[in-house]
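Right, one structure below, let's go through it.
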Amino acid sequence: MTQFRKKPVVITAITFDQLVAHGTERCKAEGRESNIVNGIPWSFSYAGQPITHENDDCYLIPTLEGTMKMGRDDMLITGVKGEIYPCKRDIFEATYEAVPDVASNESSHDWRHSSSYGGQLCADCGAVKGSRRGGLECRDPHAGVTPVALPVVDPGQDSLEREIQAKASNGPSVTTSGIEAEIAREHFFTAEQGASHTDAVAKPYDFGDTWASSRLDAVTFCVLVLRNGTKVVGVNYGAIDPAQHSTERGRQDARAQAVGKVYELLGFRLRDELARPVLTDADAAADLAGTPRPSQAGAGN
């Protein structure tokens, strides 16, 4: 599988309040004060794109993938080619980091022609100067915005998993700390120790020297006892080459396998809890009164 590394590029981003301030200034400059209602501009342009008010807590943003909604907690990103798109704040903070400000004078930019914008685009920072409205204007994307850089992604084997976790929401989930909190006891023993127990039953079969060459002490078991009494077992069968056997590695692998089973159990429990209907005040009152729940009225019809 081919691995790729993200190129470090500079983008700009503004908050919802900064977008409101920008729209207010544009409306006033264009003599459209009537377009500002309760301090919120209803329609204006940003980065050459029309921004439309849906409600006081949401703007409709035209992106390369269609119209998207930007809420008060979101960031509005302007990409290196002048494209704009909203981004959830937690994803933004997990993905980007601030970079030093860039000089805003026009001579410091590396201007390149951009047919998508209808003018010129700075190849370094994404600043644009266009002539869509007839006059040449230079928009410095660093004025009043937060410059950020896209970090280089670690190409390690678990980099994708860590990136997903970083972008994940704060919703309920099964965590490592949650799994460890469920473990009340853990036991390790080898198959040799189990076979040597007084109650063990051994049934050797005559297959030459197979039994003699099988090292039962290389087979490691880990038994995790959870707080509710549930027991899960992980097994490590040892290295194929007896000379490579490691007792510590055997225990680590056996425990990791057992922990994986606990993860599945807790995942089932969490899914069950999320699927359970929320008890409303009306249903609770009906339970106390011994009457049918309102939420179940007509369910059997």
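In the numbering used here, the protein residues as written are 3 to 303.
A virtual CB, placed ideally from N, CA and C, is assigned to each residue, including glycine.
key: DSSP beta-bridge partners of Y87   = I79
Beta-carbon gap between C89 and M77 smaller than 7 Å = yes
Separation of A49 from I185, as counted between CA atoms = 55 Å
message = Report the CB separation of R28 from S47 in whole angstroms; it is logged as a contact under 8 Å.
response = 7 Å
ask   = Grouping DSSP H, G and I as helix and E and B as strand, with all else coil, what is I13?
value = strand
message = To the nearest angstrom, how far is the alpha carbon of V261 from that of E95?
response = 31 Å
inquiry  = I'd like the list of long-range same chain contacts for I79, defined as Cβ closer than 8 Å, with 5 residues on each side in sequence excluded.
reply    = I13, T14, A15, I86, Y87, P88, C89 and F94
query = Which partner residues of P43 appear in the DSSP bridge assignment?
reply = I38
task = Just the C-alpha distance for R135 and A31, rounded to the nearest angstrom, thanks.
result = Summary for R135: the model assigns pLDDT 34, below 50, so the residue's position carries little reliability; its value from the coordinates is reported in the next sentence. Straight-line Cα distance between these residues: approximately 14 Å.
ask   = Are T192 and T222 closer than 7 Å when you measure CB to CB?
value = yes
inquiry  = By the three-class DSSP mapping on this structure, what secondary structure does Q51 have?
reply    = strand
query = How is L66 classed by DSSP in three states: helix, strand or coil?
reply = coil
Local Cβ density within 10 Å of G231, reported as buried at 16 or more and exposed below that = exposed
query = Using a threshold of 6 Å, is the CB atom of A291 nearer than that to any non-hydrogen atom of the ligand GTP?
reply = No copy of the ligand GTP appears in this structure; indeed no ligand is present at all.
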